[in-house]
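A.B. asks: Shown below is the structure under consideration.
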């Protein structure tokens, strides 16, 4: 790549940046509820399962994004049902699904005619050139729906994730809200996989939230700071990966982790200056 | 006096192991009922059954004259669950947690009104946490976090307040603060059902005590004298009840 070329003038870079902006907003907005209920790794598991969906798309010759949405959603709902059943074996059941998802994905891609190792890597760690004009439309629509849903039922999701039993006595539709959150997580994973990749998508749902926690003490404030740092990390990660010629997912996550380190250092200072509550 | 809670021959089982058997109970408006008993006697299960959190295996429960299955007037009920703390994986301010208790009274899809905010302020004031409203819940003491959960239950201005061991692991000063807060509510006509290991400073408020042992009502009447409280603890007074009953099926072996 020529150094003289302005990356912002390139069509594929413009598409990648739009996608990164939307993913940087949507991933932490949904991820904050997963972190709140201490299921930070759920996005990771869904990402594993979505790989089977991607491979299925290759095999059937349909758009991998569509099959990934379907398979990831089914997986997420099953995870939620296992969690609701409260079985101690649920932990192992989840592990089986996650490994099954990765293995199934690699296997099916190997069987399909246009599936190559390069294709697989693009889905696992993201790829700048893989964001097609159609992808931008799909990503815009889905992340718009996600952000709107968080804005509308955010209060209810907060109550359910904070104290599920209390939410039931308060008369909230707890089961419906839980399933809704699982579907939202699945859609987030699929939306983000083009830019961040399925193996790193969960990081963008969790790391900005962890970063925000170092600096603020309220939930709303955490969400706002997480959205800001998520957008900053994904935009600068995409631009950085253009110059370094690396997978954008890896660069985005490294930048996000850098923000976390800065924030946790700053957080120590902030907390020292706060009055100690009696 | 109308019945707030009516229980008829109710039973609850966990994995076919009976936790409550044949409970009859009527609580009327304005009563302050303490549910006492040793660990494992079924105290928590009793209130969880009243709220529909554990399914009945027999009998019936009505709230405010409506069978539990058809009851939908949840804003009339304030619930303080048994919790170690009020914090979760993401920080939240005291005000945010307390405000989530107002949801049942708020119209969906609409922003909080001035009345909603006033209700949250009032609840914070009752438990004495108004000046700490913007602090992170996780930085408060155990007793203060308990008060946050009580304030959350108060924001929907309930007619029945159900508390599950609100004073367990709470220092004596906070227990006194809790008793003062409850006094205000009782004076305004709220019915209270309070699960407790021991009553402590709440004793003066209680109008009726129900003691459970092995999932059955052992005693139902005026609260025990504070000095002799421990005598009414079935673990001390009735050691045979503390032992689990021999499963009858074993006789077949």
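Protein chains in written order, with my numbering: chain A, 1 to 278; chain B, 279 to 531.
Note that CB positions come from ideal geometry on N, CA and C, so glycine has one too.
1. Return helix, strand or coil for residue 195/A, following the three-state DSSP convention.
2. With residue 421/B as the anchor, note down where its alpha helix (DSSP H) starts and where it stops.
3. List the residues of chain B that residue 53/A touches, going by C-beta distances under 7 Å, in chain order.
4. Would you say the region 420-431 of chain B touches the region 339-352 of chain B, given that touching needs at least three Cβ pairs under 8 Å?
5. Does residue 352/A come out as helix, strand or coil in the three-state DSSP assignment?
6. Starting from the beta carbon of residue 172/A, find every residue of chain B whose beta carbon is closer than 9 Å, and list them in chain order.
7. Within this structure, are the beta carbons of residue 270/B and residue 218/A separated by less than 8 Å?
8. Provide the residue span of the alpha helix (DSSP H) that contains residue 119/A, from first to last.
9. My output table needs one value for residue 303/B: the three-state DSSP class, helix, strand or coil.
10. Given a limit of 9 Å on CB to CB distance, which residues of the region 123-135 of chain A reach chain B?
11. Please tell me whether residue 313/B has its Cβ less than 8 Å away from any Cβ of chain A.
12. Let me know if residue 369/B comes out buried or exposed under the rule of 16 or more other beta-carbons within 10 Å of its beta-carbon.
13. In chain order, what residues of the same chain have a beta carbon less than 7 Å from the beta carbon of residue 190/A, not counting five sequence neighbours either side?
14. Where residue 384/B and residue 161/A are concerned, what is the direct C-alpha to C-alpha distance, given to the nearest angstrom?
15. Would you kindly work out how many angstroms separate the C-alpha atoms of residue 126/A and residue 110/A, rounded to a whole number?
16. Find the residues of chain A that neighbour residue 368/B, judging by a C-beta separation of less than 7 Å, and give them in chain order.
17. For residue 165/A, go through chain B and note every residue whose CB falls closer than 7 Å to its CB, in chain order.
18. Determine the direct distance from the alpha carbon of residue 492/B to that of residue 301/B, and round the result to whole angstroms.
19. Counting only beta-carbon separations shorter than 8 Å, does residue 80/A have a partner in chain B?
20. Would you mind stating whether residue 29/A and residue 204/A have Cβ atoms separated by less than 8 Å?
21. Rank 397/B, 477/B, 470/B by C-alpha distance to the C-alpha of residue 433/B and give the top, closest one.
22. Between residue 469/B and residue 486/B, what straight-line distance do the alpha-carbon atoms span, to the nearest angstrom?
23. Give me the Cβ distance between residue 280/B and residue 336/B, rounded to the nearest whole Å; I'm assuming they're in contact under 8 Å.
24. Would you give the residue range spanned by the alpha helix (DSSP H) that residue 162/A belongs to?
25. Show which residues of chain A have a CB atom less than 9 Å away from the CB atom of residue 433/B.
26. By the DSSP assignment, the beta strand (DSSP E) with residue 310/B in it spans what residues?
27. Suppose the cutoff is 6 Å on Cβ atoms and the five residues either side in sequence are ignored; what does the same chain contact list for residue 13/A look like?
28. What three-state label does DSSP hand residue 509/B in the structure shown?
29. My output table needs one value for residue 294/A: the three-state DSSP class, helix, strand or coil.
30. For the beta strand (DSSP E) that contains residue 438/B, what are its first and last residues?
31. Check each candidate in 230/A, 241/A, 216/A, 80/A and name the one with the smallest Cα separation from residue 271/A.
32. By the 8 Å beta-carbon criterion, what residues does the region 401-415 of chain B contribute toward chain A?
33. Residue 381/B and residue 172/A look like a contact to me (Cβ under 8 Å); what is the Cβ gap, rounded to whole Å?
34. Among the candidates 40/A, 32/A, 47/A, 120/A, whose CA atom is the shortest distance from the CA of residue 247/A?
35. Could you work out which residues of chain B lie near residue 158/A, taking near to mean beta carbons separated by less than 7 Å?
C.D. replies: Checking against the coordinates, here is how it stands:
1. DSSP places residue 195/A in coil when its eight states are reduced to three.
2. Residue range 420-432 is occupied by the alpha helix (DSSP H) that includes residue 421/B.
3. Within chain B, no residue comes near residue 53/A; the closest Cβ sits about 28 Å away, beyond 7 Å.
4. no
5. Outside the displayed range of chain A (1 to 278) lies residue 352/A, so it cannot be described from this structure.
6. 352, 381, 382
7. Outside the shown range of chain B (279 to 531) lies residue 270/B, about which nothing can therefore be said.
8. 117-125
9. Of the three classes helix, strand and coil, the one that applies to residue 303/B here is strand, per DSSP.
10. Flagged: no residues at all.
11. no
12. Buried, because 16 or more other Cβ atoms sit within 10 Å of the Cβ of residue 369/B.
13. For residue 190/A, same chain residues with a beta-carbon under 7 Å away, outside a window of 5 residues either side, are 50, 65, 68, 69, 72 in chain order.
14. 19 Å
15. 19 Å
16. By Cβ distance, chain A contributes 32, 35, 36, 209, 213, 219, 222.
17. 331, 359
18. 12 Å
19. no
20. no
21. Looking at 397/B, 477/B, 470/B, the one whose alpha-carbon comes closest to that of residue 433/B is 397/B.
22. 12 Å
23. A Cβ-Cβ distance of about 25 Å is found for the pair residue 280/B and residue 336/B, leaving them out of contact under the 8 Å criterion.
24. Per DSSP, residue 162/A belongs to the alpha helix (DSSP H) from 133-162.
25. Going along chain A, no residue has its Cβ under 9 Å from residue 433/B, so there is no contact; the nearest lies around 10 Å.
26. 310-315
27. 7
28. With a pLDDT of 46 at residue 509/B, under the threshold of 50, the modelled position of that residue is not reliable, and no figure is offered here.
29. Outside the modelled stretch of chain A, which goes from 1 to 278, sits residue 294/A, for which no answer is possible.
30. 438-442
31. Ranking the options by Cα distance to residue 271/A, first place goes to 216/A.
32. 410, 412, 413, 414
33. 7 Å
34. For residue 247/A, the nearest C-alpha among the options comes from 120/A.
35. 378
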